[in-house]
Amino acid sequence: MAVPFVRQYDSSRDFENGLHIFLTTIDQGLNWEPARTIGSYLWYKAYVALTPNTCFVLDDGTGRAVGYCIGTPDTKAFAQRWRNVFTPALDPKLVPRPDLQTGDALMERPDIQGFRRAVYNGDCSMLQAWPQTLEQYPAHLHIDILPEFQKKGYGRVLIEAFLAKVKSEGASGVHLDMVRHNTNGHAFYTRIGFTMCQQVLDGGASGLPGVNGIVMTLVKNL
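Read in order, the letters of the sequence shown correspond to residues 5 to 226 in our numbering.
Laid out in structure tokens, this is it:
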């Protein structure tokens, strides 16, 4: 019987399975086009393209990736490389430039316009606007696992592999952004030592630290 295990992402065989994981586990509020396609550039493709050495997959034991934890040890440097390397390679037919009027009502929705700007600008973290806080928690991550492999302890193993790697590369802390209504995810991150970011991110609109709209930011010292 095949036994799942965690290994480093392999660009020669894991890209399509990783994309399948992203699209299968995407938040239902984004499970429509063009949000799915544009979201894949924001939260999956940029990471495996730019920082494959700090990306890990859960292998089902047969070579197939069924989960991943992807990210970077240095968000500031990553965002700069995104703008220098990833942005010029974008296909504007799939991700229209933010200054382009497409005539497509869905593509021109305010949320999708925001995603388009983020893809072209390398806006990959809520903490980019707060350099002192980002310096404390320079690494950030995304984790997704196919439903049939969830709640089996693999999430913890994936994150531990990622954290050990980014710590070895000099990261003193890590953060992640997540949708606020994902209570199960929040409980999981709390169990493995993440806490709410104490930076006020929304100008005080919510009355809470670490919150901006539907997103909240969690942090952990390494």
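C-beta atoms are modelled at their ideal positions from N, C-alpha and C, and glycine is treated no differently.
For residue i, the three-state DSSP class (helix, strand or coil)
i: Thr-55; result: coil
i: Val-61; result: strand
i: Met-200; result: strand
i: Thr-76; result: strand
i: Ala-6; result: coil
i: Ala-93; result: helix
i: Ala-109; result: coil
i: Ala-209; result: coil
Continuous alpha helix (DSSP H) stretch holding residue i: start and end
i: Gly-118; result: 114 to 125
i: Lys-224; result: Note, Lys-224: premise wrong, no alpha helix (DSSP H); beta strand (DSSP E) at 219 to 225.
i: Gln-12; result: Per DSSP, Gln-12 belongs to no alpha helix (DSSP H); it is in the beta strand (DSSP E), 9 to 12.
i: Thr-79; result: 79 to 85
Buried or exposed by the 16-neighbour rule on C-beta atoms within 10 Å, applied to residue i
i: Pro-142; result: buried
i: Gly-65; result: exposed
i: Ala-50; result: buried
i: Leu-4; result: The question about residue 4 has no answer, for the chain in this structure spans 5 to 226.
i: Thr-58; result: buried
i: Ile-116; result: buried
i: Phe-82; result: buried
i: Ile-149; result: buried
i: Ile-218; result: exposed
i: Met-220; result: buried
i: Asp-108; result: exposed
i: Trp-86; result: buried
i: Gly-75; result: buried
i: Leu-110; result: exposed
i: Asn-21; result: buried
i: Ile-196; result: exposed
i: Asn-216; result: buried
i: Phe-9; result: exposed
Note down, one range per segment and in chain order, each alpha helix (DSSP H) of at least 4 residues found wholly within the segment 139 to 188.
The qualifying runs are 158 to 172.
Taking contact to mean at least 3 C-beta pairs separated by less than 8 Å, is the segment 95 to 109 in contact with the segment 41 to 57?
Contact between the segment 95 to 109 and the segment 41 to 57 is present, because at least three Cβ pairs lie under 8 Å.
Counting Cβ pairs closer than 8 Å, one from the segment 56 to 72 and one from the segment 154 to 172, do we hit at least three?
Three or more Cβ pairs closer than 8 Å define a contact, and the segment 56 to 72 meets that threshold against the segment 154 to 172.
Please specify which runs of the alpha helix (DSSP H), each continuous and at least 4 residues long, are wholly inside the segment 20 to 51, giving them in chain order.
Entirely contained in the segment 20 to 51, the alpha helix (DSSP H) runs reaching 4 residues are, in chain order, 39 to 44.
Between the segment 146 to 161 and the segment 107 to 123, do at least 3 Cβ pairs fall closer than 8 Å?
Contact fails: fewer than three Cβ-Cβ distances are below 8 Å.
Do the segment 200 to 211 and the segment 80 to 98 touch if we need at least three Cβ pairs shorter than 8 Å?
The segment 200 to 211, when compared against the segment 80 to 98, does not touch it at the 8 Å Cβ threshold.
Would you be able to state if there are at least three C-beta pairs under 8 Å between the segment 25 to 32 and the segment 125 to 132?
Touching, no, given that fewer than three Cβ pairs across the two stretches are closer than 8 Å.
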